[in-house]
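Student:
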Amino acid sequence: MSLTDILMQQLVNGLVLGSFYALVALGYTMIFGVIKLLNFAHGDVYMVGGFVGFGVLSAVGGTLGADWGGIAVAMFLSMIAMGCLGVVIERVAYHPMLAAPRLSILITALAVSLVLQNSVLTLTDGQITAFRTDLGFGGLEIGHVFITYNQMVLVGTAALLMIALETFVSRTQYGRAMRAVSIDKDMCRLMGIDVAKVIAITFFIGSALAAAAGTMAGAYYGSIWYFMGFLIGLKAFTAAVIGGIGSIPGAMAGGLILGLLEAFGTQIPGIGSEWKDVFSFSILILVLVFKPTGLFGKSETERM
Amino acid sequence: MRITRRTLALTAFAGAALGGLSLASLPAAAQDSITIGVQVPTTGPEATYGNDMFNAVKIAAQEINEKGGLLGRQIELTAGDSACDPQQAVNAASKLASQDVVGVVGGYCSGATLPTLKIYGDANIPFVITASNSTKLIPANPGNAFMINSTGADQTTKAVEFMESKGIESVAIVNQGDAYSQDLANLTRDAWEQAGKKVAAFETVNKGEQDYSALVTKIKAADPDAVFWTAYYADGGLLIRQLRQGGYRGTIAVGDGSNSPKLFEIAGRAAEGVYAFSNPTAEFLPKAKSFSETYKKQFGNAPGPYAPLTYDGMMLLAWAIEKAGTTDHGPIIEALASADGQEWLSGPISFTDENTLARSNFIVLEGKGGEWALAE
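So the sequence lines, in the order shown, correspond to chains X and V. So the first sequence is numbered by my numbering: it starts at 1 and just counts up by one. So the second sequence is numbered by my numbering: it starts at 305 and just counts up by one.
1. Going by CA-CA distance only, name the one from X:VAL60, X:THR63, X:ASN118 and X:ASP5 that's closest to VAL45 of chain X.
2. Rounded to a whole number of angstroms, what is the C-alpha to C-alpha distance between PHE146 of chain X and SER414 of chain V?
3. Could you tell me if PHE290 of chain X is buried or exposed, where buried requires 16 or more neighbouring beta carbons within 10 angstroms of its beta carbon?
4. Does any residue of chain X bring its CB to less than 7 Å from the CB of TRP676 of chain V?
5. Specify the secondary structure class of ILE472 of chain V as computed by DSSP and reduced to three states.
6. Does any CB atom of chain V fall closer than 7 Å to the CB of MET377 of chain X?
7. Taking Cβ-Cβ distances shorter than 8 Å, what residues in chain A pair up with ARG132 of chain X?
8. Would you call the stretch 464–483 of chain V and the stretch 506–515 of chain V in contact, with 3 or more CB pairs under 8 Å?
9. Does any CB atom of chain V fall closer than 7 Å to the CB of GLY222 of chain X?
10. Would you say THR521 of chain V faces chain X, with C-beta separation under 7 Å as the test?
11. Alpha carbons only, please: which of V:GLU670, V:LYS672, V:GLY674 and V:LEU613 is nearest the one belonging to ILE653 of chain V?
12. Any idea what DSSP makes of ARG179 of chain X, helix, strand or coil?
13. According to the neighbour-count rule (16 or more other Cβ atoms, all chains shown, within 10 Å of its Cβ), is ILE667 of chain V buried or exposed?
14. Could you tell me which residues DSSP puts in a beta bridge with ALA557 of chain V?
15. Please confirm if the stretch 212–220 of chain X is in contact with the stretch 105–118 of chain X, defined as three or more CB-CB distances below 8 Å between the two stretches.
16. Spatial neighbours of THR63 of chain X within its chain, please: CB distance less than 7 Å, with the 5 preceding and 5 following residues excluded, ordered by chain position.
17. In whole angstroms, what is the alpha-carbon distance linking ARG306 of chain V and ALA393 of chain V?
18. Assuming PRO652 of chain V is part of the beta strand (DSSP E), what are its boundary residues?
19. Would you please verify whether the beta carbon of LEU613 of chain V is less than 7 Å from any beta carbon of chain X?
20. Does DSSP put THR148 of chain X in a helix, a strand or coil?
21. Which residues share a DSSP beta bridge with MET451 of chain V?
22. Kindly give me the distance between the Cβ atoms of ALA208 of chain X and GLY83 of chain X, rounded to whole angstroms, as I take these residues to be in contact under 8 Å.
23. Within the chosen definition, does the stretch 531–551 of chain V reach the stretch 273–283 of chain X through at least 3 CB pairs nearer than 8 Å?
24. I'd like to know whether the C-beta atoms of VAL408 of chain V and GLN514 of chain V end up nearer to each other than 7 Å.
25. Output the distance between the C-alpha atoms of LEU140 of chain X and GLN546 of chain V, rounded to the nearest integer angstrom.
26. Who are the near neighbours of ILE433 of chain V in its chain, counting only those whose CB is closer than 8 Å to its CB and skipping five residues on each side?
27. Is any beta-carbon of chain V found at less than 7 Å from that of GLY229 of chain X?
28. Go ahead and pull the three-state DSSP assignment for ASN479 of chain V.
29. Going along chain V, which residues have a C-beta under 7 Å from ASP125 of chain X?
30. Return helix, strand or coil for PHE40 of chain X, following the three-state DSSP convention.
31. Using DSSP bridges, identify the partner residues of ILE224 of chain X.
32. Which residues in the same chain have their Cβ closer than 7 Å to the Cβ of GLY192 of chain X, if we skip the five residues on either side of it in sequence?
33. So for ILE142 of chain X, helix, strand or coil by DSSP?
34. Using a Cβ-Cβ cut-off of 7 Å, state whether ASN39 of chain X counts as contacting chain V.
35. Distance cutoff 7 Å, beta carbons only. Does ASP67 of chain X sit that close to anything in chain V?
36. Can you give me the C-alpha to C-alpha distance between MET357 of chain V and PRO349 of chain V, rounded to a whole angstrom?
The structure is reproduced here in structure tokens:
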């Protein structure tokens with residue numbers, strides 16, 4: 001492989017990885033937008049989404065086949081289930097805390113994360129669950145660059161979900177309401193917007209996107225376990241910060257940028273793949289120090 | 305942050321689980337029973353192996369108890385969950401040491417076993433290590449521990465010999481930075497270079513990562529004849545799958561930590577033709593036939609790779625206790641050291657001056673039709 005081939009291949013790798021980061025980062029950023037909360041349970045919603053997707057696929061895989069058709073159904077049902085879970089989490093754990101100091105709700109989010117993680121740990125004895133699918137390994141070879149069909153479906157689905165979200169937020173009434181709530185909740189209430197409902201919808205969509213990512217990751221990589229949401233949760237948070245937390249296009253761009261940085265970072269001579277995470281989180285620190293508003297963020301006075 | 309949260313979660317869970325276990329076993333504990341500690345990961349990513357090893361000890365203890373026990377006393381087992389995590393293992397070992405165990409059997413994940421050696425050493429508790437085989441354990445052994453699995457050095461010899469016989473010239477070695485996989489990777493790199501061959505890439509990946517695509521591209525660019533994964537099956541399955549998915553067509557070999565049926569569940573078809581260096585598993589041990597049947601009847605599945613060795617570990621310890629004629633630690637340790645080649649399920653056991661198994665037990669397996677078959 002020539003250097004160009006290697007870089008092109010890493011570009012593909014980075015796009016696939018970045019799609020996962022972006023889908024999870026979107027939830028972070030949307031939730032931060034409406035209630036100014038860093039929802040540290042979001043990575044665990046991704047993980048539970050993977051398990052629900054696995055459960056559905058095990059149930060319907062026999063009749064629908066465990067290829068992308070079956071996975072699409074599993075993903076859709078997992079998205080709805082996790083959307084509902086997101087709404088429940090918000091109602092039970094965050095809603096009563098909205099008026100409390102920021103730190104209290106942040107700690108609540110950590111608690112929710114531990115509750116989700118330990119529930120799955122107990123149910124699965126902490127073992128790895130193999131996510132069996134019938135996905136083939138075929139793909140297109142362009143020059144020396146190999147792109148599998150799975151990767152295309154994955155990036156395509158992620159792109160579709162992101163376009164749908166962007167349309168929802170910019171074109172619909174609820175999308176407008178969501179943007180308004182993220183600017184000024186009190187003013188929204190005065191204007192007759194049902195703020196609680198908008199927050200619930202935001203949690204539904206954010207959690208559903210995480211569930212989509214969780215199910216696709218499980219199917220694509222082939223295994224799921226209770227701790228899989230932790231690292232991606234932190235990475236997605238990093239992606240959201242790079243893009244500017246609170247900004248939806250920022251989360252998409254941030255996810256892709258982080259994915260690409262990691263892929264190319266692995267290739268730097270003399271730096272082994274063990275430095276990958278050091279690389280990602282150094283970027284988080286650099287962004288926080290030099291441009292805390294990220295690429296697309298607007299500066300605000302109150303930050304947490 | 306990463307370690308703290310995880311450990312916190314595991315500790316809380318394991319604490320609760322173990323608390324329940326020891327409480328439940330209290331009424332059954334006759335005053336003069338012999339307590340044996342079992343240190344294995346019963347939670348966490350390697351729990352499949354751990355539970356398997358625990359089951360093997362249960363069968364051994366049951367057989368001994370049915371025959372009237374040891375020195376006329378029944379064996380009582382107490383579990384310590386190491387979770388394949390050094391911090392967690394230290395907690396488990398301290399707990400076992402404080403329970404006045406006569407001996408400890410188990411030890412899986414060298415990284416987790418390593419820090420427990422000092423704890424058992426300080427209490428002078430005989431410790432039969434039935435799986436962990438990193439050479440890093442050898443200098444850390446205060447003399448009370450006995451390794452009945454062949455060491456990483458033996459595995460390296462086997463791996464180099466096998467890959468040379470396959471005409472492999474260059475190899476990419478991937479480990480996970482823990483005591484077991486790093487030891488095996490370093491030993492293999494040195495031996496391979498000494499044999500005049502090329503190490504095309506030497507990589508360390510982070511545990512718990514899902515995406516290895518960037519690494520796969522790097523490996524493909526280095527174009528080695530073989531890739532040798534020295535860590536465990538859970539992440540090994542992911543890497544093998546992504547190597548094949550990424551179009552790598554060379555030989556893939558894995559160490560004994562990846563010899564698991566689960567590797568096939570995770571990697572799917574990609575695991576076909578993968579070679580594994582392993583201690584002999586039950587199906588390749590003629591003497592283990594009745595053990596396998598008992599195991600299947602009692603637990604519903606075939607015994608895993610370390611079950612026969614762990615059964616042997618319990619039996620060896622029982623033999624040493626009988627020979628010593630006492631439950632005092634010193635004489636039992638002396639008796640263990642005197643093991644001179646009696647036949648057990650996994651073959652004869654005798655020890656070197658360093659308390660390691662005096663022979664290499666490694667065989668080569670190949671993935672065929674979703675399970676391991678003998679390669680040679």
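Cβ atoms here follow ideal geometry from the backbone N, Cα and C, with glycine treated the same way. All figures in this text were calculated on a predicted structure; none of them were measured in a lab.
Tutor: By the coordinates alone:
1. X:ASN118
2. The alpha-carbon atoms of PHE146 of chain X and SER414 of chain V are separated by roughly 37 Å.
3. exposed
4. no
5. Three-state DSSP puts ILE472 of chain V in coil, outside helix and strand.
6. One cannot answer for residue 377 of chain X here, as it falls past the ends of chain X, which runs 1 to 304.
7. Structure shown: chain A not included; protein chains present are X and V.
8. yes
9. It does; some Cβ of chain V falls within 7 Å.
10. yes
11. When only C-alpha atoms are compared, the closest one is V:LEU613.
12. helix
13. Burial state of ILE667 of chain V is buried, judged by a 10 Å Cβ sphere holding 16 or more other Cβ atoms.
14. V:PHE532 and V:TYR579
15. no
16. none
17. Only weak support exists for where ARG306 of chain V lies, its pLDDT of 44 falling under 50; the value from the coordinates is given anyway. For ARG306 of chain V and ALA393 of chain V, the distance between alpha carbons rounds to 17 Å.
18. 651–654
19. no
20. strand
21. V:ILE433 and V:THR660
22. 4 Å
23. no
24. no
25. 16 Å
26. GLY410, GLY411, THR417, LEU441, ALA449, PHE450, MET451, ILE452, ASN453 and GLY617
27. no
28. strand
29. THR347 and ALA351
30. In this structure, PHE40 of chain X counts as coil in the three-state DSSP scheme.
31. X:THR129
32. none
33. strand
34. For ASN39 of chain X, the closest Cβ of chain V is not nearer than 7 Å.
35. no
36. 15 Å
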